[in-house]
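Notes follow once the structure below has been shown.
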Amino acid sequence: MDGKKPSTFFSPSGLLKRGWNGVASPINAVKDSVIAAATPRSLATPTHRSAQPSPVEYPSLFDVRTPSSTRSDGHYSHGMSHVDERSLNAPSSARGAGAHGFSHSSSSRTSSRTSSSSRTGSRELIPPRMEAAAGLRDERLDTDEEERASLEVCHHNLHSVLTNPKATNWSGALLDVFYPLETDIPMLPFPGLEHVHGRDFEPYLKKYGKNAKKYEENHAKPISEQLSSNNVPSIAVADEDVAKCLDIVPSMFFQPNFDLTDPAIFEEVMSMQTSTSLQEELTGYLDRVEFTLLRQVSSRSDRFFEASANQEVMKRSISVACDQVATLRKTMDRLRNGLADKTLDIVSLHRRQKRIAELHEVVTMIESVKNAESAVDALVQCQDYTSALDLIENAQTMLREHLKGIHGLNSLGDKFEGYRGFIITQISQRFISVVTSPEWMFHEEETSERSRRASIAKERDASTAETKRLIEVLFRLDSINDVVAKYRDQLNEEIKVVVKTVVTETIAVSSSSKNSTSGDLSSSGGTESKVSIQLRALTSDEFLQCVQMIFEHLIMVLKRAVVVHDLLVSAMQEKIDHASEEEKKETSEVRESSSENGDSEEKKSAEGWTPSEITSEDKEMLGDWKMKTRCTKVIREIDEVIRKTCEFSQRSVSNLFAVRKEVQAVYTMPQLRLLYDTTMDFVVNVEKLTGKTDYTLRGALFSQLKLFLEKYHQAQMAKLVSTLDHELWKNTEISVTRHKALEDLSSGRGVSLTLSDDREVAGETAAPFKAVSICGKSFRIVWSVLLMLEIVMNYMSCAANFPVLATDVLQRSIEIFRLFNSRTTQLVLGAGAMQIARLKSISARHLALASQSLDLAMTLIPHIKAALAAHFTDRQKLLLDEFDRVLRDYAEHNEKIFSKFTNIVEDQIMKRFLENVAAEVNYDASSLSIPTNPMKGITQSTLKLHAVLHPVLSPPQMKDVMSRVFDMFTQKLPECFRQVQPKTPTGKTRVMEDIAAFVESFKEVNAVEFNGDALLRHFKAAYSA
C-alpha cells in the first residue's frame, strides 16, 4: 500500500477538479433553465426524462450530513485520507462544498447567501488552477469511465451528484478555459504528521464494512435503471417527506416574514443550538428542503402532463363544436329566408287585425268613462247616490281591468275616488243623524187613539226602511265598519252629556251642596274640583234621585243602540243567508255537471289543469265567501259597540260612586239598600237588553259595599273592646227585643234586615229577662257578650241584604268571636280586669259569668254558621270550617275556667286549713271535738263556693265543677294527712271519724253526690293498724 503510486483519482489536479463538481456557475444555471423550457412535451414523458434516484432504495446516496459508507479497499481509504487532509488546508467555503457534501447549487440559484459563498471560494482557488491547467489537461482526459461514474455517485451533496458540469460540451469547455489543468500540482509534505498504515483503517472498516457492502449491492444496478420512472415516489410518500422536513427544519425558516436582513432574525439564526457547526446545520436544512421539493415535483409530474394532454384534446373538441354551430346557423338563416318569413306574414297580419279591434274597444271604453264623469257629477248634484255609485263602480272597473296602463286617465280615477269619498261622507252623516235623532226612539206606551197608533207605526216603518237602505249603501261602499266606529263615538259622547247634565242640574237644585261648597273648597286647598265637592255634599236622597235620572236616560240611549244593533245584524244575516243559498246552488250545479261529464273531466284532469275552465265558478264561490266574511265582521263590530257602550255607561256611574265612596260608607242600611236596589235594577235591565253580563258597575257597587262593611267593622271592633275593658262582670238583664232576636236566630228564623242602630226603639213595658233561655238552656251572661252577638247579627243582616258580602261577613264575624275570646281570657283568667275595670279581685262569680257567656256563644255559633251557609256556594262552604276552630277555642277557654274552680278549692281552701294539720290538731287529746276545725273550715268554704256558683251555672256545669272538687278531695286529703300519726288507737279512731264527718257534711249538695267510700277505705287502711 505504501509502495504503490497514488492513483490519478486522488491526484492533486483530480482532487482540485473534482472539488468544483458541487459548484454551479450562473451561466450553467441559465442554460439548464432554457433547455428545460424548450424541451418538447413528448420528450418530457416519464420514459424519456431522466429519473432521479430514490432515497428509499438508496438511503446513503441522499445522505446530506456525513458519508454513510466508504470503499472497503485500502487504496480508496488511503485516497480519502489524502482528500481529507487537503480539505483541512482548503478555505472553509470549498471545504464545506467538497468534503462534507453540502448543497450549494440547486436551490442556491435563487439564494444570495449560498451563491456568494461559492463565488468567494471560487475567487480564492482560481489563481492556482490557472497556473496548473495546461499541464494537467491531458491527464484529465485519460481518466477512465469507472472513476467518473464513481465520482458521480460518491458522497457529495445532492446537486453535485445530479449535476455534472462536464456532462455537456458547453460547460466542460467553459470550465477548461478557466481551469486548464494539464499538470499535477505538486503536493508539499505536511510537517509533523505520522505515516499512515493500512491497519489504522481496520476499526473504521469493521464499523462501516457492512454499510459499504450494502452500498455496493444497491449500486450494482445500472444508473439508467436506478433513475427510471418506475422509481418516482408516490404522492403519499412525498407528503410524508414534507412532514418530516417540517419536523426537522425549524419553523422560523417557513414564516412569511423571514428575512435575514432583519437583525433580530439574524441574531436568532446565529444563536441556534446545533450539534455541529452552524454552516453545516444550515446547509443540511437547505438540502432537506431541496430534496423535499424535488420529491413533490417528481410525485406530481405525471398528473401535470396528463392534464396538459387532456387540455389539448378539449381544445380540439371545442374547435370542432364551434365549426358545427356556425354551419347550423348558416343553414337556419337560409331556411328562414326561403320558407318561414312569407308564411309568418299571414299570422302577423291576423295579429294586427286583432290588435286594431282591441284598440277600437279601448277607445270606446275611454269614451264611456269620459261620459260617466259628467253623468256622476250631475247625479251627485241631484243626491241620487245609488245611480252615481253604479256609474262610479263601472268606470272604476274599466279603469282597473282594461285601461290600467293609460297614464292620461289617472286623473279620472282620482276624480271618481273623490266622488266616492264624498258619497261615503254624506251617507255616513245621514245614517248617524237618523239613528241618533230623538224621533228614533219609538213610543212604547199604549195609546187609545187608533190614528195615533197608525201614525206611529207609519213613522216607524219609514225610518226602518230608510235605515236599511242606508245600511245597504254603506255595505256596498265597504264603509260600514267606519260608520259603526263613528256611531260608537257618538254614543259615548251622548252618555257623557247625559251624566254631566243630570249631575249639574242636581247640584244646582240642591241646598246642601250650596251651603257646603265654600267651606269644603277652603279645606281642600284647591286639590279637588268644585263638582266633586258638591257631589259629595249631596244627601243620600238627592244622590239617589240623581242616579235614578241618569239610569233612566242611559236606558233610553242603550235601547236606541240595541235597535240599531238589531237592524244591522238582521241586514247582515240576510246577506249571509243569501250567500249560503247561492253557494249551495253552485255546489249542487257543479256536482251535477261533474256527474254527467265524469269521463270527460277525468280525461281533462289527466291532461292537465287549465284556469279558464273553472275561473267563473271559483270567482262566484270566492265572492260568496268574501260576502259572508264581511257580514260576520260587521256583526262582530256592532256587538263590540254595544258591549263597549254598556261598559262605558256603567263606568260613568261608577265614577260617581268613587267620588262619594267615603260618604256612602257611613250610610244607614236602608239608604244603602235603596242605592243598591236601584243600581242592580239598572244593571239587570242593561244585561237584558244586551244579553251579556257586565261586571263594571257590579264591581264598583261591590267595592262600595265592602268599604261600608269595613268601616262598620272597625267601629264595632273598637266598641266591643271598650265594652270589654269596662265590663264589671256582673249578671245583666236582657230586653225583650234582644231576647226575641236571639230566639229567632236559634230557631232558624234568621235575623232582621236592618241593623240594630237603624231600628226605631219603642218604649218597652215588659220586664227584662234575668237570663237568656234558648235551645232548652238558661244562661246568665254579661253585657259584652250580648253586644258581641248583636254585632254578629248585624253582619248577618248585611249578608242577607247584600249576598255578595257573605264571605266578607264570615271573616268579620270570625274576627269578632276571636276578639271576644282573647280579650275575655286576658281580663278574667289573666286578671286584667283588676287593673282596667278596677275590680278588687276575680271571684268565682266572675268566672262563672264568663263561662256562661262563652257557653251562650258556643250554643249560637252553629246557628250562625247555618244561616250564613244559605248565601254560600258549595265551594265557598269550605270557609265555614273556621267556625269549628272558634268552637274549639271557646271550649278550651271554658275548660280553663272549670280548672280554675278546682284550683281555688285546692289553693285557697285546702292549703290554708290543712297546711299544718299535724301540728295544729292533736287527735290523741281527749278534749278534741269532731269534726275538727280544719275539716270544718274546708267544708264551709266549699259549700260557700257551691252557693255562689249554683245560681249562675247550669246544672250540668255545677255537676262538672263539684265532681272535679270531690275528686280533688279524694286525691289530696291522703297526702295532707300523711304527717298525722296518732300514737294511741283512740287518736287513730278520731282521724277516721273526722274524715267520715267531712264526707257526711256534703250530703246537702244536690248537683252531685260525694262518694267518699274510697277516701274512707284509704284512711281505714292507714290508721287501723
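Each residue of the sequence shown is one higher than the last, beginning at 87 in this note's numbering. C-beta atoms are modelled at their ideal positions from N, C-alpha and C, and glycine is treated no differently. Please read all numbers here as calculations on a predicted model, not as lab measurements.
Enumerate in chain order the residues of its own chain whose CB-to-CB distance from VAL1094 is below 6 Å, with the five nearest sequence positions on each side excluded.
LYS1045, MET1048 and SER1049
Taking just the CA atoms, how far does GLU1079 sit from LEU1014?
12 Å
Quick one: what does DSSP say PHE865 is sitting in, helix, strand or coil?
Secondary structure of PHE865 (DSSP, three-state): strand.
Proximity of PRO934 and VAL1038 at Cβ, strictly below 9 Å
One point to set straight first is that residue 934 is Ala, not Pro, in the sequence displayed. Taking 9 Å as the Cβ cut-off, ALA934 and VAL1038 qualify as a contacting pair.
Extract the residue ranges of the beta strand (DSSP E) inside the region 787-863, only unbroken runs of 3 or more that lie entirely within it.
858-860
For SER385 and VAL318, which I take to be in contact (beta-carbon distance under 8 Å), what is that distance rounded to the nearest angstrom?
7 Å
Helix, strand or coil, according to DSSP, for TYR781 in the structure here?
If DSSP states are grouped into helix, strand and coil, TYR781 belongs with coil.
Are the CB atoms of GLU978 and ILE900 within a distance shorter than 9 Å?
Taking 9 Å as the Cβ cut-off, ILE900 and GLU978 do not qualify as a contacting pair.
Output yes or no for whether 9 Å exceeds the beta carbon distance between SER735 and VAL676.
No, the Cβ-Cβ distance between SER735 and VAL676 is not below 9 Å.
Specify the secondary structure class of GLN341 as computed by DSSP and reduced to three states.
coil
Selection from MET996, ASN741 and VAL822 that minimises the alpha carbon distance to GLN790:
The candidate whose alpha carbon is nearest that of GLN790 is ASN741.
Determine the burial state of ASP564: buried for a count of at least 16 other Cβ atoms within 10 Å of its Cβ, exposed for fewer.
Exposed, by the Cβ-count rule.
Nearest to PRO524 by CA position, among GLU580, GLU479, LEU485 and PHE508, is which residue?
GLU580
Can you name, in chain order, every residue of its own chain whose Cβ lies under 6 Å from the Cβ of PHE1105, other than the five neighbours on each side?
MET1078 and ILE1081
When the distance is taken between beta carbons, is HIS651 closer than 9 Å to ASP725?
yes
Coarse secondary structure for PRO213, derived from DSSP in three states
In this prediction, PRO213 has a pLDDT of 39, which is less than 50 and means its spatial position is unreliable; nothing more can be read from the coordinates.
6 Å CB neighbourhood of ILE877 in its chain, flanking five on each side removed
Closer than 6 Å at Cβ, skipping near neighbours: GLN802 and ILE902.
Taking the straight line between their C-alpha atoms, what separation do you get for THR840 and GLN962?
25 Å
Alpha helix (DSSP H) containing SER1042: first to last residue?
In the sequence as displayed, the identity of residue 1042 is Pro instead of Ser. Counting along the chain, the unbroken alpha helix (DSSP H) around PRO1042 starts and ends at 1041-1062.
Three-state class that DSSP yields for LEU489 in the structure shown
coil
Which residues mark the beginning and the end of the alpha helix (DSSP H) in which VAL399 is found?
364-421
For PRO1041 and ASN1092, what's the separation of their Cα atoms in angstroms?
10 Å
Given LEU1101, which residues of its chain have a CB within under 8 Å of its CB, disregarding the five upstream and five downstream residues?
PHE1055, THR1056, LEU1059, PRO1060, ILE1081 and VAL1085
Go ahead and label GLY1098 buried or exposed: buried means 16 or more other beta carbons lie within 10 angstroms of its beta carbon, across all protein chains shown.
buried
Helix, strand or coil for GLN469? Go by DSSP, reduced to three states.
coil
If contacts are defined as beta-carbon pairs under 8 Å, then ILE557 and LEU477 qualify, I think. What distance do you get, rounded to the angstrom?
The Cβ separation is near 22 Å, so there is no contact.
Roughly how many angstroms lie between the CA atoms of TYR290 and GLU280, to the nearest whole one?
18 Å
Any idea what DSSP makes of SER597, helix, strand or coil?
helix
Give the C-beta separation of LEU475 and LEU485 to the nearest angstrom, bearing in mind that I take them to be a contact with Cβ-Cβ under 8 Å.
Not quite, the Cβ-Cβ distance comes to about 15 Å (not below 8 Å), so this is no contact.
Which value, in whole angstroms, describes the spacing of the CA atoms of TYR505 and ASP470?
12 Å
Anyone know if the C-beta pair for ALA943 and TRP815 falls short of 9 Å?
Between ALA943 and TRP815, the C-beta spacing is not below 9 Å.
Looking at the secondary structure, which residues open and close the alpha helix (DSSP H) in which ILE950 lies?
930-955
Please return the same chain residues whose Cβ sits closer than 6 Å to the Cβ of SER514, not counting the five positions on each side in sequence.
VAL569
Identify whether MET358 lies in helix, strand or coil by the three-state DSSP scheme.
coil
Closest residue to SER387 among THR809, THR1018 and SER320 (Cα-Cα distance)
SER320
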